[in-house]
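Each residue of the sequence shown is one higher than the one before, starting from 612 at the first, in the numbering used here. Note that beta-carbon positions come from the ideal geometry of N, C-alpha and C, so glycine has one too. All values derive from a computational prediction rather than experimental measurement.
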Amino acid sequence: MDNSMDKKHPLNDLMRSTMEKIHEMVDTNTIVGEPITTPDGVTLIPISKISFGFGSGGGDYGKTTPKENFGGGSAAGVKIDPVAFLIIKDGSTRVLPVAVPPVSTVDRVVEMVPDIMDKVEKYFDKKEEKESI
């Protein structure tokens with residue numbers, strides 16, 4: 612019976628190391644930032660969105676021990692986007708969203724739809740007023 616599955620595989624170490632590095636970069640203070648208090652007593656708390664991904668892979672070569680014939684690698688990426696600020700003043704709290712500019716033409720069109728609908732509605736309202744006179 613082959614006991615190689617019972618032994619610790621180097622790929623496990625690669626994945627563990629990658630996850631530890633991500634954990635070092637991203638903690639709760641990254642998502643809900645440290646409060647900033649201004650001289651006039653306003654407290655700002657930054658709120659962020661975090662996206663990350665990682666991958667690991669490797670291969671064993673030959674029939675010798677994995678330590679001698681293992682090739683592998685791992686990679687990770689982290690993206691942090693500010694999304695809002697909590698503003699606390701005089702016991703009142705409000706959310707100030709951070710507007711991200713549209714990236715593509717489709718994003719721009721989607722962003723413009725409410726304004727276009729308002730203009731179309733006003734146009735038809737004016738047209739109905741003229742017809743009723």
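Practice problem: Just tell me which of Phe-665, Gly-682, Gly-673 has its CA closest to the CA of Pro-621. | Solution: Gly-682
Quiz prompt | Continuous beta strand (DSSP E) stretch holding Asp-692: start and end | solution = 681–700
Quiz item: Does the separation of the CB atoms of Thr-629 and Phe-663 fall below 8 Å?
Solution: no
Exercise. Give the DSSP-derived three-state secondary structure of Ser-651 in the structure shown.
Key: One point to set straight first is that residue 651 is Asp, not Ser, in the sequence displayed. DSSP places Asp-651 in coil when its eight states are reduced to three.
Exercise. Go to Ser-743, then tell me how far its alpha helix (DSSP H) extends in each direction, as first and last residue.
Key: 716–743
Quiz item: So, Val-694 versus Pro-708, is the Cβ gap smaller than 8 Å?
Solution: yes
Practice problem: Pull up the distance between the alpha-carbon of Asn-614 and that of Asp-671, whole angstroms please. | Solution: Legend: pLDDT at Asn-614 = 46, less than 50; position of this residue unreliable, no value from coordinates given.
Self-check item: Unbroken alpha helix (DSSP H) run spanning Pro-621, endpoints
Solution: 621–636 is the extent of the alpha helix (DSSP H) around Pro-621.
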